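To start, the structure itself, in structure tokens.
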Amino acid sequence: MRRSIEDLLKKQPIIFDGAMGTELYNRNHFINVCFEELCVSKPAVVRTIHEENKNAGADVITTNSFGANRYKLAEYLLADRVRSIAKSAAELARSVAGEESFVAGSVGPLGKIVGKEIDERDAREAFLEPILGLQEGGVDFIIFETFSRSKELKAAALAASEVGIPYIGSLAFGERNISRAGEGIEEFFAPILELPHPPFMISFNCSVGPKQMLEYLEDFLPHAPLPVLIMPNAGYPQLVHDRMIYMTTPEYFATYAKRFAELGAAAVGGCCGTTPAHIAETARSVKAFFRHRIDIPSSPATVTLRTPPPRESRSALGAKLEAGAWVTSVELTPPLGYDLSGILAKARSCKEAGVDAINIPDGPRASSRVNPMVTALRIQQDAGIETVLHVTCRDKNIIGLQSDLLGCAAAGIKNLLLITGDPPKLGDYPQATAVFDLDSIGLTRIASRLNQGVDIGGKEVNPPTAFLIGVGADPTHLDQERELDRLAKKVEAGADFCITQPVYDVEALLAFLERIRPLRLKVIAGVWPLASLQNARFLNNEVPGVRIPESLMKRMEKAGSKEEARATGIAIAREIIQAIRPYVAGVQVSAPFGNVDTALKVLSIGS
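Reading the sequence shown from the start, the letters are residues 88 to 694 in my numbering.
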């Protein structure tokens with residue numbers, strides 16, 4: 088028996104497929120051809136696209152029937168074949184989806200203004216034709232895509248209600264966060280939400296790319312009246328050799344898809360310009376982060392918890408934090424190969440400059456590098472400086488993670504930064520799988536319990552570990568309430584300090600610090616010196632959560648040469664540190680592109 092989509096929505100975000108028209112166009116079927124009729128005349132082409140989307144990880148396959156209505160098919164002298172073409176489209180999608188996936192019957196606008204060019208009764212009849220064909224062909228539900236007028240969407244919804252089939256209503260934005268017809272979100276959806284047979288989901292698709300879609304919906308998503316499906320375009324197209332090409336990469340698109348899901352979207356997919364590659368990366372990123380995670384109880388039932396050692400006794404970094412002394416650290420990324428001589432030399436330079444610790448990331452952006460624990464151990468042994476080792480939940484189950492934590496204790500690695508981690512992305516290892524048995528909150532709880540002499544199975548650990556436990560925080564996260572709630576849970580789980588994402592907006596950081604004051608948490612601010620205008624644009628436009636004020640962008644733009652840009656980036660970073668120093672416990676400076684000299688020049692103030 089096929090699962091209901093409502094049941095699936097309760098378990099995880101749903102992945103819809105990508106654009107059909109884009110793929111047909113890319114396969115040399117141009118706009119003078121009726122795309123919907125290809126379901127009859129060239130079914131193998133359509134079936135192949137469906138198969139590629141399903142293999143990419145799509146849970147829902149959408150029929151190639153967007154324009155299958157009497158008005159649009161009349162342009163191809165096919166107005167009398169609406170129902171049969173829609174049925175063929177549904178049968179094709181169903182044959183690929185099987186019983187394990189879902190089929191959405193695509194119904195687009197009629198191309199006529201309801202209430203002006205045609206009346207509501209004619210509109211309902213025109214919508215009923217493809218709906219009946221799609222239903223006969225075996226779709227699970229209807230999706231009314233790319234609508235911009237609420238009156239037309241209501242006519243479509245009434246047609247779906249007439250046959251009792253579930254449906255989704257989808258809004259296409261115009262300029263700003265309103266429809267092309269000038270209706271706001273609530274105004275657009277209100278007529279169908281009030282119907283006796285309302286939609287089971289509302290959607291937003293087409294018109295804009297993922298970044299702009301996120302800007303439009305970041306305030307709406309947490310308070311949406313129904314589950315939400317989001318299907319942005321792959322950015323804006325550019326004309327290349329007489330073809331319109333969408334330049335957004337699958338990795339970039341998937342980064343935003345994950346953000347949509349974090350903000351509460353129940354389903355994500357793609358519209359114009361998206362390909363099976365976009366869907367594959369989206370499926371990997373979203374499903375990795377939102378799969379079921381193991382709950383780590385806050386306290387065991389069988390062993391008495393010991394009192395952890397005082398923070399000042401756990402490490403030199405802990406002693407400085409507890410004493411209220413200013414702390415500094417530099418982030419150095421482990422090399423791609425196994426030669427550690429370069430990173431060891433950089434660590435020695437940091438030691439000589441008076442830096443307190445070296446931060447060691449664990450496979451940043453899901454890259455494969457030399458083991459960070461080995462790197463941290465060698466730095467402590469050879470350079471004589473403490474490390475802050477990042478530990479992520481991505482690559483190991485809870486047994487492996489606990490084993491690594493015990494290994495850190497045995498190796499004398501005392502400072503940890505526990506983070507959820509990035510999912511595998513397109514790149515050198517696109518088929519790598521993610522584990523994510525738990526997130527950073529659960530990992531913090533494990534480390535805290537080890538400090539209390541108990542492992543994840545409730546067994547005694549003697550002697551207990553003595554980790555100084557750090558966690559991440561994002562002062563400019565789009566969903567501030569969720570970020571604040573998660574940080575509070577990390578503190579409750581045992582966090583001793585936090586390190587923030589890169590800070591460029593001082594006012595945003597200060598507002599965040601004010602809100603977390605009741606947590607009494609030591610905060611180390613992340614500082615990432617800008618290397619160039621291109622670097623600044625990339626961070627500002629393509630990395631969610633990083634927001635660089637326009638004033639700083641203009642300063643980077645004025646920098647002429649590479650040397651001037653580097654000097655400007657250093658100056659900006661120094662100014663940020665001066666502004667925030669009274670309010671934070673210290674800073675972690677990233678060495679841009681491994682340039683430790685830049686990081687040390689940033690830290691030269693007050694050191």
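Idealized CB from N, CA, C, for every residue including glycine.
Bear in mind that the values here come from a model prediction, so they are computed numbers and not experimental data.
Span of the alpha helix (DSSP H) around residue i
i: proline 278; result: 272-280
i: glutamine 567; result: 567-580
i: tyrosine 425; result: Where tyrosine 425 is concerned, there is no enclosing alpha helix (DSSP H), given that its DSSP letter is neither H nor E.
i: serine 638; result: 637-645
Opening and closing residue of the beta strand (DSSP E) in which residue i lies
i: glutamine 467; result: Counting along the chain, glutamine 467 falls outside any beta strand (DSSP E), though it belongs to the alpha helix (DSSP H) covering 459-469.
i: tyrosine 112; result: Run containing tyrosine 112: none in the beta strand (DSSP E); it sits in the alpha helix (DSSP H), 107-113.
i: alanine 412; result: Per DSSP, alanine 412 belongs to no beta strand (DSSP E) and is neither H nor E.
i: glycine 529; result: From DSSP, glycine 529 is part of no beta strand (DSSP E) but of the alpha helix (DSSP H) over 527-538.
i: alanine 612; result: 609-614
i: alanine 560; result: 555-560
i: leucine 308; result: Where leucine 308 is concerned, there is no enclosing beta strand (DSSP E), given that its DSSP letter is neither H nor E.
i: asparagine 446; result: 444-447
i: arginine 315; result: Residue identity check: residue 315 is valine in the sequence provided, not arginine. Looking at the DSSP string, the run of the beta strand (DSSP E) that includes valine 315 is 315-318.
i: serine 237; result: No beta strand (DSSP E) contains serine 237, which is instead part of the alpha helix (DSSP H) from 237-250.
i: threonine 149; result: 147-149
Alpha-carbon spacing of residue i relative to residue j, whole angstroms
i: aspartate 306; j: lysine 298; result: 14 Å
i: asparagine 627; j: arginine 573; result: 24 Å
i: leucine 125; j: glutamine 222; result: 19 Å
i: valine 327; j: asparagine 320; result: Reliability of the predicted coordinates at valine 327 is poor, the pLDDT of 43 falling under 50, and the value obtained from them is presented with this limitation in mind. Going from the Cα of valine 327 to the Cα of asparagine 320 covers about 18 Å.
i: threonine 563; j: valine 610; result: 15 Å
i: alanine 388; j: phenylalanine 234; result: Any reading at alanine 388 must be qualified, since the residue scores a pLDDT of 49, below 50, and its modelled position is unreliable; no value is offered.
i: leucine 427; j: aspartate 469; result: 11 Å
i: lysine 576; j: phenylalanine 523; result: 18 Å
i: leucine 505; j: isoleucine 556; result: 7 Å
i: isoleucine 528; j: alanine 580; result: 7 Å
i: aspartate 329; j: alanine 344; result: Legend: pLDDT at aspartate 329 = 46, less than 50; position of this residue unreliable, no value from coordinates given.
i: phenylalanine 599; j: isoleucine 664; result: 16 Å
i: proline 397; j: leucine 408; result: 12 Å
i: valine 295; j: glycine 271; result: 16 Å
i: methionine 107; j: threonine 507; result: 35 Å
i: valine 590; j: glycine 195; result: 44 Å
i: glycine 693; j: alanine 412; result: Interpretation of glycine 693 is limited by its pLDDT of 40, a score under 50 that renders its predicted location unreliable; the figure taken from the coordinates is listed afterwards. Their Cα atoms are separated by approximately 12 Å.
i: alanine 444; j: asparagine 538; result: 21 Å
i: glutamine 675; j: alanine 353; result: 36 Å
i: proline 422; j: arginine 114; result: 41 Å
Reduced DSSP secondary structure (H/G/I, E/B, other) of residue i
i: glutamate 187; result: coil
i: isoleucine 102; result: strand
i: alanine 354; result: strand
i: asparagine 627; result: helix
i: glutamate 216; result: helix
i: threonine 587; result: strand
i: glycine 224; result: helix
i: glutamate 547; result: strand
i: alanine 268; result: coil
i: glycine 673; result: strand
i: leucine 326; result: In this predicted model, leucine 326 has a pLDDT of only 44, less than 50, meaning its place in the structure is not dependable; the value taken from the coordinates is given anyway. Strand, per DSSP.
i: glutamate 691; result: Just to set this straight, residue 691 is serine in the shown sequence, not glutamate. Correct three-state label for serine 691: coil.
i: valine 477; result: The sequence shown places histidine at residue 477, not valine. It is a strand residue.
i: methionine 288; result: strand
Neighbour-count burial assignment, residue i, 16 or more Cβ in a 10 Å radius
i: lysine 374; result: buried
i: leucine 258; result: buried
i: threonine 474; result: buried
i: proline 312; result: exposed
i: alanine 410; result: exposed
i: lysine 433; result: buried
i: threonine 415; result: buried
i: phenylalanine 122; result: buried
i: tyrosine 670; result: exposed
i: proline 713; result: Since the first residue shown for the chain is 88 and the last is 694, residue 713 is missing from the structure and cannot be characterised.
i: arginine 607; result: exposed
i: serine 490; result: exposed
i: alanine 497; result: exposed
i: isoleucine 486; result: exposed
Residues near residue i by beta carbon distance below 7 Å, same chain, minus five either side
i: proline 309; result: Leu350, Gly351, Asp566
i: leucine 215; result: Ala246, Glu249
i: tyrosine 158; result: Leu197, Gly198, Lys199, Ala213
i: arginine 435; result: Ala470
Other residues of its chain near residue i: CB distance less than 6 Å, five sequence neighbours each side excluded
i: glycine 424; result: none
i: serine 691; result: none
i: asparagine 264; result: Tyr303
i: proline 448; result: Thr420, His477
i: proline 337; result: Ala364, His365, Glu368, Leu513
Beta-carbon contacts of residue i that lie in its chain and below 8 Å, excluding the five residues immediately before and after
i: leucine 687; result: Val417, Ser436, Cys437, Ala440, Val442
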